[in-house]
Amino acid sequence: MYQGRGLRHVVRAALFGLALSGPAAQAVVIDFEAFPDNFVSHTEAGVTFTAVGGGPMVRQITPNSTEGIRGDGIPIPESRADIAGGATSVSVDIGDFGADADLLFLEVYNSLNVLLASDTFALAQNVSGMFTLSVSSPGIAYAIFGSRAPSLTGSSVLSDNFTFEGAVPAPGTLLLLAAGLLAAGTVRRLRGLSPAAAAVQQSKPGAL
C-alpha cells in the first residue's frame, strides 16, 4: 500500500512540474572547423550540408579568421542544410571580404518545401566581415543560405557558425506520458488486492 501511495505522489508531482514548465531546447552550433577542405555532402550533429543543385563545396578562411563553407563553381551555388528531426530556429553567420556588394539571405522550409521564414542583410561593397542572420518557425526541415544579386558570381560569400534548436515534444505529450505512468501504477496496485477490495478502492472518490 505504501509503495502505491508513494508512486502516486511522485507521478502527481511530475505532472505538476510539467504543467508549470515546458521542455527547453538546446542550441547546437556547427562551426565547420572539422569539415573536409572539399566535399559534396557532409553531415555533422544531424545536419547535412550540400550545394543547392548539387556539386562541390569548399572550406575556406572567413574574414573572422575562422573556417567557413561555400559552394564551388561558376556561378557559385547557394548552400543547403537538411536538419534531421527538424528545428524551431536557425541562425548562420554569412559574409566575405568586400570584393562586391551582396544580398545575404537565410531561408527555412518545411518538409513540403514551403517557405516558413527568411532573413536578409544588404552587404555593401568594400565591407569585410561576418553578419548573423536568424529565423524562427515550427516545423523547419531545411535551410538555404548564401548571397544573391548584386553578388557578381553567384553565392560568393562564406558561412560559419550554423546554429539550430531542435524540435522538442509538446508539453501535452509529456503530460500524457506522466498520466500513463500514474494509470499503470494504479492498475499494478489494484492487482494486489482481492476482487472485493479492488472494487471498494475503485469506487472511492479520487481513487486515481
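Residue numbers (this note's numbering): 1303 to 1510. Glycine included, every Cβ here is placed at the ideal spot set by N, Cα and C.
Same chain, Cβ closer than 6 Å to residue i, neighbours up to 5 away in sequence not counted
{"i": "Ser1323", "result": "Because the pLDDT of Ser1323 is 48, which lies under 50, any placement of that residue in the model is unreliable, and the number read from its coordinates should be weighed accordingly. Hits under 6 Å: none found."}
{"i": "Leu1425", "result": "Asp1404 and Leu1406"}
{"i": "Phe1351", "result": "His1344 and Ala1383"}
{"i": "Pro1440", "result": "Thr1390"}
Same chain, Cβ closer than 8 Å to residue i, neighbours up to 5 away in sequence not counted
{"i": "Pro1338", "result": "His1344 and Arg1361"}
{"i": "Gly1357", "result": "Val1342, Gly1373, Asp1374, Gly1375 and Pro1379"}
Check whether residue i and residue j have beta carbons under 9 Å apart
{"i": "Glu1467", "j": "Val1330", "result": "yes"}
{"i": "Pro1365", "j": "Asp1398", "result": "yes"}
{"i": "Val1392", "j": "Thr1465", "result": "yes"}
{"i": "Ile1300", "j": "Ile1385", "result": "The requested residue 1300 is not part of the displayed model; the chain covers only 1303 to 1510."}
{"i": "Ser1457", "j": "Ser1381", "result": "yes"}
{"i": "Asp1462", "j": "Gln1427", "result": "no"}
Cβ shell of residue i (< 7 Å), same chain only, five flanking positions each side left out
{"i": "Val1416", "result": "none"}
{"i": "Ala1469", "result": "Gly1387, Gly1388, Ala1389 and Thr1390"}
{"i": "Val1429", "result": "Gly1400"}
Start-to-end residues for the beta strand (DSSP E) that takes in residue i
{"i": "Ala1353", "result": "Val1349 to Ala1353"}
{"i": "Gln1328", "result": "Careful: Gln1328 lies outside any beta strand (DSSP E) and carries neither H nor E."}
{"i": "Gly1346", "result": "What sits at residue 1346 in the sequence shown is Glu, not Gly. Where Glu1346 is concerned, the enclosing beta strand (DSSP E) stretches over Ser1343 to Glu1346."}
{"i": "Val1459", "result": "Careful: Val1459 lies outside any beta strand (DSSP E) and carries neither H nor E."}
{"i": "Gly1373", "result": "Glu1369 to Gly1373"}
Candidates the options, of which the one nearest residue i by Cα
{"i": "Ile1396", "options": "Ala1443, Leu1435, Glu1335 and Gly1387", "result": "Leu1435"}
{"i": "Glu1409", "options": "Gly1448, Pro1440, Gln1427 and Gly1431", "result": "Gly1448"}
{"i": "Gln1328", "options": "Asn1340, Ala1336 and Ala1347", "result": "Ala1347"}
{"i": "Glu1369", "options": "Pro1440, Met1432, Ser1457 and Tyr1444", "result": "Met1432"}
{"i": "Asp1421", "options": "Val1437, Gln1427 and Asn1412", "result": "Val1437"}
task = Mind listing, in chain order, the continuous alpha helix (DSSP H) runs of no fewer than 4 residues lying wholly within the stretch 1394 to 1433?
result = Within the stretch 1394 to 1433, there are no complete alpha helix (DSSP H) runs of at least 4 residues.
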